[in-house]
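When we follow my numbering, the leftmost residue of the sequence shown carries the number -12, and every step to the right adds one.
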Amino acid sequence: MCSAILLLGDTGTDHDGFHSSPVIAASPDVFLDGKPVARQGDQLAPHDKPIAVTGTAIGCGGVVIGSGSGQAG
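This is the structure:
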């Protein structure tokens, strides 16, 4: 039995504080159940670490306390 196969549109896992994101590139000529098979090195949608806001938990067990001013986004 082989490892799980990732297909175009499937979601990769979260890692190192980055959220999960979908596969956006895959093989043009290898398919499983009609969907392109993702290969090592194929792209996932761009993803970044989420913005920390007041009350966000942090790795040491504390929470973020904001400055009370400013906007993100």
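Each residue gets a CB set at the ideal place from its N, CA and C atoms; glycine is no exception.
Val17 counts as exposed, since fewer than 16 other C-beta atoms from the protein chains shown sit within 10 angstroms of its C-beta.
With respect to the 8 Å criterion, Ala32 and Pro15 are not classified as neighbours on the basis of their beta carbons. Taking C-alpha positions only, Val40 is separated from His6 by approximately 16 Å. Residue pairing from DSSP leaves Leu(-5) without any beta-bridge partner.
Beyond the five residues adjoining it in sequence on each side, Lys22 comes within less than 6 Å, by CB distance, of Leu(-6), Leu(-5) in the same chain, given in chain order.
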